[in-house]
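Enquirer: Please read through the structure below; I'll follow up with questions.
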Amino acid sequence: MKRSTLIGTVMMLSLGLLANQALAEQVHSLRGDNPLDAQSKEPKSMKWQDDRDPISRDYVQQPPLTPHKTKGYKINKNFNKCLTCHSWANYKEAGATKISQTHFSDRENNVLANIAPRRYFCDQCHVPQVNAPPLVENTFNPLQTIKRH
Ligand code: HEC
Ligand code: HEC
Numbered sequence: 006m007k008r009s010t011l012i013g014t015v016m017m018l019s020l021g022l023l024a025n026q027a028l029a030e031q032v033h034s035l036r037g038d039n040p041l042d043a044q045s046k047e048p049k050s051m052k053w054q055d056d057r058d059p060i061s062r063d064y065v066q067q068p069p070l071t072p073h074k075t076k077g078y079k080i081n082k083n084f085n086k087c088l089t090c091h092s093w094a095n096y097k098e099a100g101a102t103k104i105s106q107t108h109f110s111d112r113e114n115n116v117l118a119n120i121a122p123r124r125y126f127c128d129q130c131h132v133p134q135v136n137a138p139p140l141v142e143n144t145f146n147p148l149q150t151i152k153r154h
């Protein structure tokens with residue numbers, strides 16, 4: 006790489022970083038301004054709602070929000086609390102929605118006998134619902150034909 010190109014690249018990267026930083030300063034995530042590798046505490050202001058009817062989804066591909074508390078629900082290598090109610094074996098007895106069939110496919114679309122590893126950590130996608138003000142303004146509107154109620 007020529008020296009001038011190198012300097013150019015470094016400058017562009019720094020500008021990109023600055024722009025990212027500017028964005029990061031506008032949007033305050035719930036974990037505060039902690040770097041990702043630092044421990045964060047659950048924000049004090051957050052009040053989890055009591056169990057209630059699910060808020061309807063805005064579009065079909067949206068992971069439904071969790072309409073109940075999940076405090077203390079452990080998910081680790083050996084145990085997944087969510088599956089004790091949401092697995093196909095247990096959902097009926099628990100009166101819970103069974104996990105989606107999509108959760109059994111790996112990313113090559115092979116259908117597995119058990120939940121796909123990429124879907125194992127449920128709270129990666131399913132978060133408890135809460136009546137919080139949006140972090141950023143959003144004017145999203147779903148296509149009416151595939152709107153989910
Ligand atoms: C003790 C049983 C139980 C456990 C454990 C449990 N759930 Fe549920 N869950 C339910 C029931 C019952 C419903 C249905 C509530 C309703 O429709 O009003 C539900 C609903 C949901 C829904 C909404 C589904 C939809 O179609 O709207 C999601 C998402 C969900 N749970 C995620 C989770 C996650 C993630 C965990 C683990 C962190 C978990 N649940 C653990 C019983 C449980
Ligand atoms: C990578 C993201 C992701 C993970 C991880 C994940 N889900 Fe989902 N889930 C989704 C999406 C997206 C949908 C809606 C579209 C679909 O059905 O695939 C969904 C749908 C659901 C539904 C509704 C099914 C229905 O018939 O309406 C339930 C219940 C559910 N998930 C439970 C779980 C549980 C329990 C886990 C953990 C064992 C889990 N999910 C892990 C993304 C995820």
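One rule links them: number in our numbering = place in the sequence shown (from 1) + 5.
All residues carry an ideal CB built from backbone N, CA and C; glycine is no exception.
1. Could you have a look at proline 122 and say whether DSSP puts it in helix, strand or coil?
2. From the DSSP output, in three-state form, read off threonine 107 for me.
3. Closest by CA to asparagine 136, which one among Gly100, Leu70, Lys76?
4. Can you tell me whether histidine 91 sits near ligand 3, meaning its C-beta is under 7 Å from at least one heavy atom of the ligand?
5. Any idea which residues DSSP pairs isoleucine 80 with across the strands?
6. Between which two residues does the alpha helix (DSSP H) holding alanine 99 run?
7. Please state whether DSSP places threonine 102 in a helix, a strand or coil.
8. Have a look at tyrosine 96 and serine 105 and give me their C-alpha separation to the nearest angstrom.
9. Should tyrosine 125 be listed as close to ligand 1, given that the test is whether its C-beta is under 7 Å from any heavy atom?
10. Return yes when at least one heavy atom of ligand 1 lies under 7 Å from the C-beta of alanine 101, else no.
11. With DSSP run on the structure shown, which of helix, strand or coil describes threonine 144?
Expert: Answer, in terms of the structure:
1. One-based indexing of the sequence shown puts residue 122 at position 117. Three-state result, proline 122: helix.
2. For the purposes of this step, residue 107 is identified with residue 102 of the sequence shown, where counting begins at 1. In the structure shown, threonine 107 sits in a helix (DSSP, three-state: H, G or I).
3. Within the sequence shown, numbered from 1, the residue matching residue 136 stands at position 131. It is Leu70 whose Cα lies nearest to the Cα of asparagine 136.
4. Only ligand 1 and ligand 2 can be found as ligands here, which leaves ligand 3 out of the picture.
5. Your numbering for residue 80 matches position 75 in the sequence shown. For isoleucine 80, which the question treats as bridged, DSSP gives the partners Asn85.
6. In the sequence shown, the residue the question calls residue 99 occupies position 94. 96-99 is the span of the alpha helix (DSSP H), which, as asked, contains alanine 99.
7. Mapped onto the sequence shown, residue 102 falls at position 97. The answer is coil: DSSP assigns threonine 102 none of H, G, I, E or B.
8. As a first step, residue 96 must be located in the sequence shown, where it is residue number 91. As a first step, residue 105 must be located in the sequence shown, where it is residue number 100. Approximately 12 Å between the Cα atoms of the pair.
9. For the purposes of this step, residue 125 is taken as residue 120 along the sequence shown, with counting starting at 1. No, Cβ of tyrosine 125 sits at least 7 Å from all heavy atoms of ligand 1.
10. Counting from 1 along the sequence shown, the entry for residue 101 is found at position 96. Yes, the beta carbon of alanine 101 sits closer than 7 Å to at least one heavy atom of ligand 1.
11. In the sequence shown, the residue the question calls residue 144 occupies position 139. Three-state DSSP puts threonine 144 in coil, outside helix and strand.
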